[in-house]
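Each remark here refers to the structure printed beneath this line.
2 protein chains.
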Amino acid sequence: MALRVAVDAMGGDAAPAVVVEGALQALDAAPERLEVQLYGPRAIVEAELEKRRALGREGLLLSDAPDVIGMAESPATAVKTKLRSSIHLGLQAVARGEADAFASAGNTGAVMAAALFILGRLPEVARPSVVGFFPTTRGRCLVLDIGTNVDCKPEHLLQFARMGVVFVERVWQVERPVVGLLNVGEEPGKGNALTKAAYELLQAAPDLNFRGNVEGRDLMHHAADVVVCDGFVGNVMLKVGESMVTAFVEMLRQEMQARGIDAVQQRQVLGLLRGVLRRFDYEEYGGAPLLGVNGAVVIGHGSSSARAIARMILAAAELVEQDVVRSIAEAFHPA
Amino acid sequence: MALRVAVDAMGGDAAPAVVVEGALQALDAAPERLEVQLYGPRAIVEAELEKRRALGREGLLLSDAPDVIGMAESPATAVKTKLRSSIHLGLQAVARGEADAFASAGNTGAVMAAALFILGRLPEVARPSVVGFFPTTRGRCLVLDIGTNVDCKPEHLLQFARMGVVFVERVWQVERPVVGLLNVGEEPGKGNALTKAAYELLQAAPDLNFRGNVEGRDLMHHAADVVVCDGFVGNVMLKVGESMVTAFVEMLRQEMQARGIDAVQQRQVLGLLRGVLRRFDYEEYGGAPLLGVNGAVVIGHGSSSARAIARMILAAAELVEQDVVRSIAEAFHPA
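So the protein sequences, as listed, match chains A and B.
When we follow numbering that gives the first Met the number 0, the leftmost residue of the first sequence carries the number 0, and every step to the right adds one.
When we follow numbering that gives the first Met the number 0, the leftmost residue of the second sequence carries the number 0, and every step to the right adds one.
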């Protein structure tokens, strides 16, 4: 059976060209199992397909969605007024069972607001969450929340843990994922009001493999597979991480300049760095799933390249294949 | 006039040997202006001095403090029961005007609790704060709070800004330091309940050069000289930053191994990195000032080397020389 992914053709800084290109790359990578449904203004998307001689390509469908939500538009307004946008119609296709997943590199706030409105939350999930991937020396860990929920209650962190575990089990195929609570110290009893209370809840949850508190410094050394925190902290942490990498490269350049290292050697060292940087590259992951809504949704980076779009679409297909949404629902309603 | 720094000879993982060694290095670096007062059990500290033939060295005093507070001891209990510790007696010397500053690489919680108890807060300072230094591509910025205050109110962030500005003005000699509020987005109105309210306060403060919100990714690109946040976020961020650097080096090693790069070249690349890593090295800074108490206090890293101890002592002397404590008091009571 095909995995039908509805794709926001107008989502992203370089949409629709890059999205169309990425959709074709995704189909090349997984031709048999994938069906891509492009949502966007028909004439515009058709023109992009024609440019690439891809009109009528097998596995590629086009659905007209005349309204366009800009990257910087207010989500609240856009979601209420642009009811025929690619975001609305793509999500509605999922809600109606005409698509299995929705993927967008568009306006994150609008995608989330529309997903909540159109798909709704899974029963008992108070706060759906966009997750982040954090590179570690042993691979990567899942961090949630990373910005969707900037003011959290302890029970939200418990729910994040539960959702994150399902994702890591199903998609990364990790058995009994280790859960850590991001905190300022390892000992129980450390932390702010939120983490102290969340610790108790996590500790008492029989379904979780809870390791306890995890400090910022342990994260990259893979202290846990799933790290939970409120979205404010998670967002700051991920952004600092991203910027450290670019700053690090800039500082290394400065250092090489200062030491008078020649251009050839500079290129060699930077080439070496590129291998390391790839681990920090969101393009490898394509997009972050929005967990906790009643449907498979992946949100990509606004500056996604075609390659990142292709990965985002494949990530959405994988959510479906691994039955992540139903597994989360079950984790909240143990049989 | 000499700058008299009371030093906790028993503070740090490798105390007292490393502290005594560091004190001597500090005196070597600033022989004329510095007086170091070592606080610790007399016999133990004397033995260390004797080993180094430094007993009776000019500028070096020894005061008996028989109680020892362990690095892992509960601050609350230690502060109440070990009244003749190096931490208590050193801080009391400052309170009595027998020393100008106190420096310790010991139990951070105990130093802070004792400093609050013995020196007290400056008038109107609700929350004294340990500050952190964050390397940027243009130097470094000051981040506060970094763990002293894990649950903050908006007015605390305003006070952090005020104290941080004084430090950066006086010690780093930056004119009209730019203040940023660490947040999840740049636009006003972004953030959690705390940062939204803090934004309003910072914006309305006529004495501050407030730039607005600063995202995690802008920090390393020197978006501000003084970045304020609650201590939970600051602590996580600094620790992630530290660990990213070590993880980065480990990943680079892995990459070189994988590419079969020979040992000589590996050493060359790692040598290059060392120049960059130095910017992230706390030893360069020595210790973090505790701002907002009625006295000059610097807290060093528990794992401080002799070199870091020396820098910590010199940093304490600089707080005195730049009259930071009085300047903070004045910032809270404009003439």
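Glycine included, C-beta positions come from ideal geometry on N, C-alpha and C.
Remember, predicted model here, so these are calculated numbers, not experimental data.
For a contact meaning CB atoms closer than 7 Å, what does residue i contact in chain A?
i                      : result
residue 249 of chain B : 136
residue 241 of chain B : 216
Taking C-beta pairs closer than 9 Å, name the residues in chain B that residue i reaches, listed in chain order.
i                      : result
residue 238 of chain A : 183, 214, 215, 216, 217 and 218
residue 301 of chain A : Neighbours of residue 301 of chain A on chain B: none; closest Cβ ~13 Å, over 9 Å.
residue 190 of chain A : 149 and 231
Who pairs with residue i in a beta bridge, going by DSSP?
i                      : result
residue 208 of chain B : B:177
residue 134 of chain B : B:139
residue 59 of chain A  : A:35
residue 5 of chain B   : B:36 and B:101
residue 182 of chain B : B:214
residue 66 of chain B  : B:84
Can you list, in chain order, the residues of its chain whose CB lies under 6 Å from that of residue i, leaving out five sequence neighbours each side?
i                      : result
residue 54 of chain B  : 48
residue 119 of chain A : 293
residue 237 of chain A : 131 and 145
residue 126 of chain A : 148 and 155
residue 109 of chain A : 68, 74, 77, 78 and 86
residue 177 of chain B : 208, 210, 223 and 224
residue 342 of chain A : For residue 342 of chain A there is no data in the structure shown, the boundaries of chain A being 0 and 334.
residue 10 of chain A  : 103, 104 and 105
residue 21 of chain A  : 305, 308 and 309
Mind listing the chain B neighbours of residue i? Cutoff is C-beta to C-beta under 8 Å, in chain order.
i                      : result
residue 274 of chain A : 254, 257 and 258
residue 146 of chain A : 183
Measuring only between beta-carbons, confirm whether residue i sits less than 9 Å from chain A.
i                      : result
residue 271 of chain B : yes
residue 130 of chain B : no
Check whether chain B comes within 9 Å of residue i, counting only Cβ atoms and requiring the distance to be less than that.
i                      : result
residue 163 of chain A : no
residue 140 of chain A : no
residue 246 of chain A : yes
residue 78 of chain A  : no
residue 208 of chain A : no
residue 41 of chain A  : no
residue 235 of chain A : yes
residue 268 of chain A : yes
Please return the same chain residues whose Cβ sits closer than 8 Å to the Cβ of residue i, not counting the five positions on each side in sequence.
i                      : result
residue 219 of chain A : 133, 134, 135 and 136
residue 60 of chain B  : 34, 35, 36 and 37
residue 58 of chain A  : 1, 26, 30, 33, 34 and 35
residue 341 of chain B : With chain B covering only 0 through 334, there is no way to say anything about residue 341 of chain B.
residue 291 of chain A : 120, 121, 124, 126, 127, 128, 158, 162 and 327
In chain order, what residues of the same chain have a beta carbon less than 7 Å from the beta carbon of residue i, not counting five sequence neighbours either side?
i                      : result
residue 91 of chain B  : 117
residue 158 of chain B : 124, 125 and 126
residue 194 of chain B : 180 and 182
residue 319 of chain B : 2, 99, 100 and 295
residue 196 of chain B : 153
residue 65 of chain A  : 40 and 83
residue 43 of chain A  : 15
Under 9 Å Cβ-Cβ, which residues of chain A neighbour residue i?
i                      : result
residue 278 of chain B : 250
Cβ of residue i versus every heavy atom of the ligand PLP: is any distance shorter than 8 Å?
i                      : result
residue 268 of chain A : Inclusion of the ligand PLP in the displayed structure is not the case, the ligand content being empty and no account of it being possible.
With 9 Å set as the bound, which would you pick, yes or no: does the beta-carbon of residue i sit closer than that to a beta-carbon of chain C?
i                      : result
residue 184 of chain A : In the structure shown, chain C does not exist; the protein chains are A and B.
Item to check | Any beta strand (DSSP E) of 3 or more consecutive residues that is wholly inside the stretch 72-129 of chain B | outcome: The stretch 72-129 of chain B contains, as complete beta strand (DSSP E) runs of 3+ residues, the segments 100-103 (chain order).
Item to check | 4 or more residues per run - each alpha helix (DSSP H) lying fully within the stretch 260-300 of chain B | outcome: For the stretch 260-300 of chain B, whole alpha helix (DSSP H) runs of length 4 or above, ordered along the chain, are 262-276 and 281-284.
Item to check | Runs of beta strand (DSSP E) wholly within the stretch 213-261 of chain B (minimum 3 residues, chain order) | outcome: Entirely contained in the stretch 213-261 of chain B, the beta strand (DSSP E) runs reaching 3 residues are, in chain order, 225-227.
Checklist entry - Which parts of the stretch 309-334 of chain B are runs of the alpha helix (DSSP H), unbroken and 4 residues or longer, counting only runs that do not cross its ends? => result Here the runs fully enclosed are 323-331.
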